[in-house]
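The sequence shown begins at 0 in numbering that gives the first Met the number 0 and counts up one residue at a time.
Below is one structure, written out as structure tokens; comments come after it.
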Amino acid sequence: MIKKVISLLLLLYCFVSVAFAVDFYSNTGARSVALGQSSSCFRDVWSVVNNQAGLAFIANPTLGIFYEERFGMKEMSVKSVAFALPTNRVGNFGVSFTYFGDKYYNESRINLGYGRMLGKHFAIGLAFDYFAMSVEGNSQVADARALTGEVGVMVEPIENLWISAHAYNPFGVNITNGEYEEKLPVLLRLGAMYSFEKDLLFVVELEKELDYKMRLKTGVEYTFLEQFVVRGGVATNPTEFSGGIGVKLQRFNLDLSFYRHQYLGYTPAVALVYAFGK
């Protein structure tokens, strides 16, 4: 019976990976969802997942929570909590926990990230990731685990233009339960973010998972009355249209967003971020 459960695990893993799970590895946060799933250029608490180089820019201890209900199905929801801790001398640290699925099929991920400035215009980051997957069936549970890593950089070649690069699982680590192995994605991203004055931001990102077509992700963000934000974006392969709004308060940021998959429909998302000591 356990072999049947393991076979089910493999089938489910392949289905989830092909249909929608790559985003589980590459981005977290409602802002990212609204901006076409772009994330490698951002500098916030979600950088512990999206691109650890972004942790280097955080000035205050920051806590974030995130919820995404993929295609309106609770069984395919993503829940994440992240915390970033800046230091004065040795760089900034972050930790996050992300959970996808339900008790019958789920994936979980723990990130330990680090980011540091090397001069005024260059930042580098890295992370260690613990990944686990579980399938329950016929009163039996099949588990698989992996330990992998990430590395990312950000550079400002000219004023207001930031270029980012990030690699998830660059050494091609496999997930295993001792009886079989299955590949974790090797995910490479190259992004750019340009700020027009203080109110308008444009972001573009190329994402390549080695076994699938390259994705192009773009987004535009506009801030008005200093506290309110509107966002929109689009991504390819598969085609997704996205949008969202945000509110910036002294210590709190609240973001609401959605995207529409060309075949599978709408996904809503929400994130709340609190910065201590602002």
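By construction, the Cβ of each residue, glycine as well, lies at the ideal position given by its N, Cα and C atoms.
Given the structure is predicted, the values throughout are model-derived calculations rather than measurements.
Report task. Determine, using beta carbons only, whether GLY282 and LEU199 come nearer to each other than 7 angstroms. Result -> This structure does not reach residue 282, given that the chain is present from 0 up to 277, and the question cannot be answered.
Query raised in the report: Hey, is the segment 223 to 230 in contact with the segment 60 to 67, meaning 3+ C-beta pairs nearer than 8 angstroms?
Result: no
Query raised in the report: Residues in its own chain within less than 6 angstroms of LEU240 by CB, not counting five upstream and five downstream?
Result: Rather than Leu, the amino acid found at residue 240 in this sequence is Phe. For PHE240, where only same-chain residues beyond five positions count, the Cβ hits under 6 angstroms are VAL233 and ARG259.
Report task. Within the same chain, show all residues whose beta-carbon is closer than 7 angstroms to that of THR235, passing over the 5 residues directly before and after it, in chain order. Result -> ARG214 and LEU215
Report task. Less than 8 angstroms between the CB atoms is what I'm expecting for THR175 and ALA145, so what's the real figure, rounded? Result -> 7 angstroms
**Report entry** MET116 in three-state terms, based on DSSP
**Finding:** strand
Query - Among ASN87, PRO60 and ASP101, the one whose alpha carbon lies nearest that of ALA81 - result: PRO60
Query raised in the report: What is the rounded straight-line gap between the Cα of PHE195 and the Cα of GLY177?
Result: 52 angstroms
Query raised in the report: In three-state DSSP terms, what is PHE70?
Result: helix
Query raised in the report: Rounded to a whole number of angstroms, what is the C-alpha to C-alpha distance between GLY264 and PHE70?
Result: 6 angstroms
Requested in this report: Please confirm whether VAL48 and SER95 have their CB atoms less than 7 angstroms apart.
Outcome: yes
Query - Three-state class that DSSP yields for LEU263 in the structure shown - result: coil
Query raised in the report: Using the C-alpha atoms, what's the distance from PRO184 back to VAL21?
Result: Bear in mind that the predicted position of VAL21 carries a pLDDT of just 46, short of 50, making it unreliable; the figure below should be weighed with that in mind. Approximately 7 angstroms, taken between the alpha carbons.
Report task. Classify SER295 as helix, strand or coil using the three-state DSSP reduction. Result -> With the chain represented from 0 up to 277, any question about residue 295 goes unanswered, as that position is not in the structure.
Requested in this report: Out of LYS197, LYS247, GLU180 and GLU204, point me to the one whose CA is closest to GLY190's CA.
Outcome: GLU204
Requested in this report: Let me know the secondary structure DSSP gives ALA29 once reduced to three states.
Outcome: helix
Query raised in the report: If we ignore side chains and look at the alpha-carbon of each, how far apart do GLY218 and ALA33 end up?
Result: 8 angstroms
Query raised in the report: What did DSSP end up calling ALA58 once you bin it into helix, strand or coil?
Result: coil
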